[in-house]
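Worksheet: one structure, shown below.
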Amino acid sequence: MEMDCTAVLADVWLMLDGECDEATRARLQEHMDHCSPCIEAYGIEEKIKGLLNRKCGGEHAPEGLRERLKVEIHRCITVTRVESTEG
Numbered sequence: 001m002e003m004d005c006t007a008v009l010a011d012v013w014l015m016l017d018g019e020c021d022e023a024t025r026a027r028l029q030e031h032m033d034h035c036s037p038c039i040e041a042y043g044i045e046e047k048i049k050g051l052l053n054r055k056c057g058g059e060h061a062p063e064g065l066r067e068r069l070k071v072e073i074h075r076c077i078t079v080t081r082v083e084s085t086e087g
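Residue 49 in full-length UniProt numbering sits at position 49 of the sequence shown, and the numbers go up by one each step.
Structure representation (structure tokens):
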């Protein structure tokens, strides 16, 4: 089953956090192996995550904050994707 870029970018944080199962990880990796825009986005997000981990000293955000951030990131990716296809 082929995934679109919006779905991949929305789930890439789960992969970076090690919070997805092996089947999901394989599907995401398969898509990114053949999609240069997603590879670029993955690289950028991986660097941001590394920076946040270094600067925050391993502290964990409260669960409510984590959920709000996931929703907002997903919304931003979706809106950006829609805007780029309309232009």
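Built from N, CA and C at the ideal position, the CB exists for glycine as well.
Rounded separation between residue i and residue j - CA only
| i | j | result |
| --- | --- | --- |
| Asp11 | Leu28 | 8 angstroms |
| Asp17 | Leu69 | 14 angstroms |
| Ser36 | Ala61 | 31 angstroms |
| Glu22 | Gly50 | 22 angstroms |
| Gly64 | His34 | 35 angstroms |
| Lys55 | Arg75 | 25 angstroms |
Residue closest to residue i, alpha-carbon to alpha-carbon, out of the options
| i | options | result |
| --- | --- | --- |
| Asp4 | Cys38, Trp13 and Ala26 | Cys38 |
| Ile73 | Lys55, Cys56, Asn53 and Ala41 | Ala41 |
8 angstroms Cβ cutoff met for residue i and residue j
| i | j | result |
| --- | --- | --- |
| Thr24 | Thr78 | no |
| Met32 | Val71 | no |
Would you be able to state if there are at least three C-beta pairs under 8 angstroms between the region 7 to 27 and the region 41 to 50? yes
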